[in-house]
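Visitor:
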Amino acid sequence: MSTLHVVSHSPFTDSRLDSCLRLCGAQDAILLCGDGAYALQAASVPFQALQAKGLKVFVLSEDSQARNMPVPAWADSVDYPAFVQLSIDYDKVNTWL
Numbered sequence: 328m329s330t331l332h333v334v335s336h337s338p339f340t341d342s343r344l345d346s347c348l349r350l351c352g353a354q355d356a357i358l359l360c361g362d363g364a365y366a367l368q369a370a371s372v373p374f375q376a377l378q379a380k381g382l383k384v385f386v387l388s389e390d391s392q393a394r395n396m397p398v399p400a401w402a403d404s405v406d407y408p409a410f411v412q413l414s415i416d417y418d419k420v421n422t423w424l
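Position one of the sequence shown corresponds to residue 328 (the numbering used here), numbered consecutively onward.
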């Protein structure tokens, strides 16, 4: 069963992203939104952890643009309609509150 994990908190202020990465399975994906987009800060520990995990990574385009975070080639930028579609495409959605 596939899960879309939604992470909206900065990986530099708490451990939600780390916990999420420990639980993600091969069929899962991560959507970064809000301050979660800071995980895309190049060469940072969260950036390297996301890249190394090899999961499908999405970022809400509005949030990456607002934080001036470029989207790496291994991640996909999505808008709100695509976010809704992702929530339909995956069996479950887990929001890391």
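From the three backbone atoms N, C-alpha and C, an ideal C-beta is built for every residue, glycine too.
Model, not experiment: these values are computed from the prediction.
#1: State yes or no: is the beta carbon of residue 421 nearer than 7 Å to at least one beta carbon in chain B?
#2: For residue 386 versus residue 398, is the C-beta spacing smaller than 7 Å?
#3: DSSP state of residue 337, grouped into three classes?
#4: Tell me the rounded alpha-carbon separation between residue 359 and residue 380.
#5: Count the other C-beta atoms from every protein chain shown that fall within 10 angstroms of the C-beta of residue 338, then say buried if there are 16 or more, exposed otherwise.
#6: Are the beta-carbon atoms belonging to residue 383 and residue 356 less than 7 Å from one another?
Guide: On the basis of the supplied data:
#1: As a matter of chain content, chain B is missing from the structure shown, which is built from one protein chain.
#2: yes
#3: Three-state DSSP puts residue 337 in coil, outside helix and strand.
#4: Between residue 359 and residue 380, the C-alpha separation is close to 15 Å.
#5: buried
#6: yes
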